[in-house]
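First up is the structure itself, then whatever we jot down about it.
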């Protein structure tokens, strides 16, 4: 199972981490660059990036000695997962309603046929 | 962005769900559109009042909205295609913060196909969810509000767990 919704929400529950993500939306960046754009120290940026990485919202790549961080497109899984659950519930409800409709509309038309396999 | 190798320009984020119902397409289409109130998850409302009614106006270009118990109306989107009994496309235009955003166009495509038992296969695709990515500002905001997406998501996860249990 991928990252839990709770980990994602925790990671996003911090204003600094959200501003880091905002900056990464413009393209990959390094710790030093991010630190120069934000009112926090380089170690603090690293710390936040670690949390974002653990929540799978950010990916890290290494080119030589240079570490680059970028948005993880799979972060969309939160959006996708949300709507997937939403429609699963909604269509489940719809099917239940349709079954009830089928049952009530069947009664006036025909007598239920007794086939002897009722449980 | 060219720096993201896995995100092609045409990459579309889609949710697909299907369900089989024991009624013919004509009836399934009517039930889906005219009686949405009866199967819509009740906690899923964007208005300040509880949902009294979910309305899909029966024509292309029609409105898709909720009416609260206090009579207030909140738009959800539009009817993009209305081709009973086979095809319905709704524009879902609720932003990440659950307010109507006319600039956002995600599509809920529903196909009703007759099967050979007199029932219907209902296939739903919620398309272009990647367009939520264009809402950088909103996406930043949604996680700030307990009543926003996070709250609804958390509520939904709890609910799903209860259903699974």
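Residue numbers (our numbering), protein chains in the order written: chain A, 1139 to 1257; chain B, 7 to 171. Backbone N, C-alpha and C fix where the C-beta goes; we use that ideal spot for every residue, glycine too.
Residue 1218(A) has a beta carbon lying within less than 7 Å of a beta carbon in chain B.
If you draw a straight line from the Cα of residue 1166(A) to the Cα of residue 1234(A), it comes to about 47 Å.
The segment 34–75 of chain B contains, as complete beta strand (DSSP E) runs of 3+ residues, the segments 57–62 and 69–74 (chain order).
Residue-level contact check: residue 23(B) touches chain A, since one or more beta carbons of chain A fall below 7 Å from its beta carbon.
Annotated three-state conformation of residue 1196(A) is strand, per DSSP. When the Cα atoms are used, residue 29(B) and residue 1223(A) turn out to be separated by approximately 24 Å.
Neighbours of residue 27(B) in chain A, taken as residues at a C-beta separation under 8 Å, are given in chain order as 1232, 1233, 1236, 1237 and 1240. Straight-line spacing of the CA atoms in residue 87(B) and residue 118(B) works out to 13 Å. Between the C-alpha atoms of residue 98(B) and residue 1179(A) there is a straight-line separation of about 42 Å.
Under the Cβ criterion of 7 Å, residue 90(B) is not counted among the residues facing chain A. The Cβ of residue 1201(A) sits no closer than 7 Å to any Cβ of chain B. Around the C-beta of residue 1181(A), fewer than 16 other C-beta atoms lie within 10 Å, and the residue is accordingly described as exposed.
Residue 1154(A) does not reach chain B, its nearest Cβ partner there being about 12 Å away, counting only Cβ pairs nearer than 8 Å. Distance check between residue 63(B) and each of 76(B), 42(B), 31(B) and 33(B) places 42(B) closest, using alpha-carbon atoms only. The beta carbon of residue 47(B) falls within 7 Å of a beta carbon belonging to chain A, placing the residue at that interface.
Rounded to whole angstroms, the gap between the alpha carbons of residue 1229(A) and residue 1170(A) is 49 Å.
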